[in-house]
Every structure is written in structure tokens, then in C-alpha cells.
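Notes to accompany the following structure.
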Amino acid sequence: MNILVTGGTGYIGSHTCVALLEAGHSVIVADNLCNSKVDIVDKIKQITNKKIAFYQIDVTDEVAVESIFSKHYLDGVIHLAGLKAVGESVEKPLAYYYNNIVSTMVLSKVCQKYGVRKFVFSSSATVYGDNTVPFNEKMNLLPTTNPYGETKAMCERILTDIVKVNPSFSVSLLRYFNPVGAHESGLIGEAPTGIPNNLMPYITQVAKGQLDKLKVFGSEYPTVDGTGVRDYIHVLDLAEGHVSALDNLIEGVHIFNLGTGQGTSVLELLKAFEEANGIEVPYEIVNRRPGDIASCYADVSKAKQKLGWAAKRDIKAMCRDAWRFEKNYKELEGTNRIG
Ligand code: WQD
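Quick note on this note's numbering: the sequence shown kicks off at 10 and runs consecutively.
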């Protein structure tokens with residue numbers, strides 16, 4: 010199938026493009042490069058030996074989006090483009106509501122106009138709020154603690170309402186847990202600009218000596234060792250989950266958790282990273298981060314039953330692949346991320 014991937018040069022987007030190409034699909038990428046670099050297009054080609062079409066556009070721009078639909082016959086859209094930093098969303102709510110919601114409405118509108126019926130949406134486990142773990146797709150959603158989470162919950166509702174009046178529109182809402190790791194080639198991975206918000210890129214930058222030690226946000230949570238528990242999923246497993254959701258997409262709205270079903274604490278992840286890579290990562294326990302919940306991990310039975318998909322890669326593989334990319338990144342880019 011011919012698939013438009015918005016945000017296709019981003020961390021999850023680039024891995025999803027690789028998985029789509031390796032599954033035999035054709036890929037068109039739209040990205041405004043606000044959080045990624047155009048050389049990712051060449052790296053995707055280097056990995057897959059396949060060409061992709063790339064358009065540097067903002068997917069809130071309806072005219073620009075329509076120009077792609079008029080040039081390419083599309084079977085579906087995987088909408089990954091969006092702002093995704095929880096803390097930043099608290100400081101810049103309008104940017105988050107505008108970007109994440111208008112982009113989804115523009116894409117849905119143009120899909121209707123051009124008769125494109127398959128739509129896979131990048132949602133997030135954040136929409137569950139501080140529910141009881143493991144989170145399952147039938148749960149009532151609780152208010153999230155930030156505008157980012159609210160944009161994902163609102164986009165889910167918008168898409169659900171669109172399907173009610175367009176039953177031929179097939180929508181898959183994929184709730185990601187915590188994507189980490191990188192393609193085994195070391196060519197693509199998670200390269201946040203500035204100081205990383207997320208745990209794994211922070212660990213890899215400490216391991217490389219770019220940051221002096223990991224700050225562990227809180228050690229008094231009601232968890233196995235008092236530190237936050239999350240469901241870390243290898244980004245390649247996540248990417249393959251998108252292909253599976255697309256290939257099995259039927260009419261209606263379908264919600265799937267993309268996680269491993271396993272909870273891992275901060276200290277457990279740190280230990281796994283040190284063991285997998287034979288490197289020590291210094292850390293200190295500091296205060297909790299506002300907005301964090303104690304535990305977040307998935308009930309993954311629905312994706313297994315309906316899609317025949319399950320995460321395959323374990324936590325050590327995530328740690329090895331994340332570290333390989335981090336070491337490779339500097340050599341490849343020759344640039345310093347900070348600043
Ligand atoms: C993981 C754990 C922290 C950094 C967020 C978004 C979520 C998704 C993934 C987009 C927590 C602890 C972290 C650090 C730490 N993004 N931590 N020191 O907050 O679970 O999820 O990113 O879809 O929507 O909410 O991920 O990696 O920031 O934190 O101790 O320097 O690591 O407290 O327990 P999070 P994270």
C-alpha cells in the first residue's frame with residue numbers, strides 16, 4: 010500500500026518508515042523538521058535500500074497537505090507528527106493544542122476529500138491518566154496531568170466522532186507506552202536536542218560523559234524499589250506494531266496498547282543498561298518530577314488477539330541498541346546536541 014507517514018523523519022516515524030518499507034509498502038513522508046533532520050531520509054534509504062518521497066511541510070497547513078494527496082494515490086495515513094514533550098506542553102499549551110489537534114483535523118478532512126480510508130493515529134498511554142495498572146483499552150480515561158495528554162485524548166475523540174458519520178473510515182488509535190532503543194544499524198535512533206526529558210536518552214548521555222549523572226526522580230513511590238515503573242518497548246517493536254495495525258485495519262475505530270506488558274523501574278532499567286553494556290552510570294536520588302505517576306504499564310492481550318502482534322525484544326536489547334546509537338551519533342553527526 011501507498012502510505013503517508015507524517016512525522017516520518019522523527020524517532021518513531023523513521024523506524025516506522027523502515028518497518029513499512031521492509032513489509033513491502035511504499036512510503037511518502039511529510040515532516041516540518043521541527044524536531045528532526047532531513048538526513049534521516051537518506052538513512053532510511055541506506056537501511057532499506059528503498060526510495061521514499063519526502064515533503065518538508067507542516068501538516069496543519071491544509072493547502073500543503075492537499076498538494077501531497079493530489080500528487081500521490083494514498084491507501085492510508087499514519088499520523089505521527091506532533092509535539093510530544095509533557096513538560097513543554099505545560100509551558101506552551103496553545104502550541105500543543107494547535108499543532109496536535111489542527112494537524113489531525115486537517116489530515117482527516119483531506120482524507121475524506123480524497124477517499125483515503127485508513128488512518129493510524131499515534132496516541133499515548135498518557136490518556137489513561139493515573140488509572141489502575143495494567144491499563145487496558147476498555148478503561149474509562151481519567152484526566153491527564155498535562156496539555157500534551159489532553160491533545161491525544163481529544164484527537165481520539167475527534168477521530169471516533171468522525172467514524173460515527175463515516176463508517177467506511179477505518180481508524181486505529183495506538184497508545185504507546187515508553188518507546189526506547191534504536192535500529193540495530195545504529196543509523197537512526199532517539200536524538201533529542203538539548204537536555205533529554207526522557208530517561209533512556211539521559212542515561213546514554215551520562216554513559217557517554219556528556220552529562221555527569223542521572224537524577225532519579227523520587228524513590229518513595231509504592232513500587233518494587235520506590236522508583237517510577239514504566240512499560241519500556243523497543244522502538245522497532247513499536248514500528249512493527251504500526252504495520253500490523255495498518256495491515257489488519259478494518260472499518261470502525263480500534264484502540265490498541267503498544268507495550269510489552271512488563272513494568273520496569275528506573276533503577277531496574279539502569280541496572281539492565283549497565284549489565285547489557287558493561288558500563289557504570291552514576292546517579293543520585295532527587296525529588297519527584299511534578300506530574301509523574303508511580304506506575305504505568307500495559308495489558309497487551311488485545312493487540313495479541315486482534316493483530317497477532319506482540320513485542321519481541323527484551324530490555325537488554327533496548328539498552329544495547331540505545332547505547333550503540335548514542336556512541337555512533339557523535340561520529341556520524343560530528344555535532345554537539347546541546348544548544
Ligand atoms: C520515565 C521514568 C521518570 C528522566 C513520557 C510521556 C509519554 C511518552 C514517553 C510521548 C519516570 C523517570 C526520567 C530522568 C528519571 N511520550 N526519570 N530521571 O514520563 O513515563 O513518559 O515520555 O508519548 O507520553 O509522558 O517517560 O522517560 O520521562 O520517564 O528518574 O532524568 O523515568 O520519573 O518514572 P514518561 P520518561
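Yeah, the Cβ is synthetic: ideal placement off N, Cα and C, and Gly gets one too.
A quick note: this is a predicted structure, and the numbers were derived from the prediction, not measured.
Classification of residue i by the beta-carbon crowding that lies within 10 angstroms, buried from 16 upward
| i | result |
| --- | --- |
| I49 | buried |
| N266 | buried |
| V86 | buried |
| K222 | exposed |
| P205 | buried |
| N108 | buried |
| Q55 | exposed |
| Y82 | exposed |
| V159 | Reading off the sequence shown, one finds Glu at residue 159, where the question assumed Val. E159 comes out buried. |
| G218 | exposed |
| T135 | buried |
| D234 | exposed |
| N286 | buried |
| I347 | Reliability of the predicted coordinates at I347 is poor, the pLDDT of 40 falling under 50, and the value obtained from them is presented with this limitation in mind. So I347 counts as exposed. |
| T113 | buried |
| D330 | buried |
| A200 | buried |
| G317 | exposed |
| V295 | exposed |
| C305 | buried |
| K325 | exposed |
| Q214 | buried |
Test: residue i CB closer than 9 Å to a CB of chain C
| i | result |
| --- | --- |
| V47 | Considering every chain present, this structure includes no chain C. It has just one protein chain. |
Residue i - partner residues in DSSP beta bridges
| i | result |
| --- | --- |
| Y64 | A39 |
| I184 | Here residue 184 turns out to be Arg, not Ile, going by the sequence shown. Note: R184 sits in a beta bridge opposite S132 and N266. |
| G164 | Correcting the residue type first, residue 164 is Cys in the shown sequence and not Gly. Partner(s): none; C164 has no beta bridge. |
| I98 | The question names Ile, but residue 98 is Ser in the sequence shown. Beta-bridge pairing links S98 to no other residue. |
| I204 | According to DSSP, which records beta bridges pairwise, I204 is partnered with nothing at all. |
| S179 | K127 and G261 |
| S304 | V238 |
| V189 | H243 |
| V295 | F226 |
| F144 | A307 |
Limits of the beta strand (DSSP E) - the one that residue i falls within
| i | result |
| --- | --- |
| H263 | G261 to L267 |
| F226 | L223 to F226 |
| V111 | That residue, V111, is in no beta strand (DSSP E); it is neither H nor E in DSSP. |
| E289 | From DSSP, E289 is part of no beta strand (DSSP E); its letter is neither H nor E. |
Enclosing alpha helix (DSSP H) for residue i [first to last residue]
| i | result |
| --- | --- |
| I242 | Per DSSP, I242 belongs to no alpha helix (DSSP H); it is in the beta strand (DSSP E), Y241 to H243. |
| H24 | Y20 to E31 |
| L279 | V275 to N286 |
| I12 | Where I12 is concerned, there is no enclosing alpha helix (DSSP H), although the beta strand (DSSP E) it sits in stretches over N11 to T15. |
| G85 | Here G85 belongs to no alpha helix (DSSP H); instead the beta strand (DSSP E) covers G85 to H88. |
| Y211 | L208 to A216 |
| I50 | Per the sequence shown, residue 50 should be read as Val rather than Ile. Start and end: D48 to T57. |
| A73 | E71 to K80 |
Rounded separation between residue i and residue j - CA only
| i | j | result |
| --- | --- | --- |
| I212 | L279 | 8 Å |
| A312 | A320 | 10 Å |
| E97 | V68 | 20 Å |
| V180 | C120 | 12 Å |
| F128 | I37 | 14 Å |
| P210 | E165 | 28 Å |
| Q314 | G22 | 25 Å |
| V111 | K59 | 31 Å |
| L276 | K52 | 33 Å |
| L182 | T273 | 24 Å |
| F282 | S76 | 45 Å |
| T154 | E260 | 32 Å |
| R297 | D240 | 19 Å |
| M10 | S253 | 13 Å |
| H243 | D301 | 21 Å |
| G124 | L29 | 21 Å |
| D256 | G33 | 11 Å |
| V309 | T269 | 7 Å |
| P102 | Y157 | 8 Å |
| I144 | Y185 | Correcting the residue identity first, residue 144 is Phe in this sequence and not Ile. Each residue's alpha carbon lies about 11 Å from the other. |
| Y20 | S177 | 31 Å |
| K173 | G203 | 42 Å |
| T141 | L150 | 11 Å |
| T169 | E146 | 14 Å |
| F63 | P291 | 41 Å |
| H24 | G195 | 12 Å |
| A39 | P231 | 42 Å |
| A73 | V27 | 24 Å |
| P188 | D84 | 26 Å |
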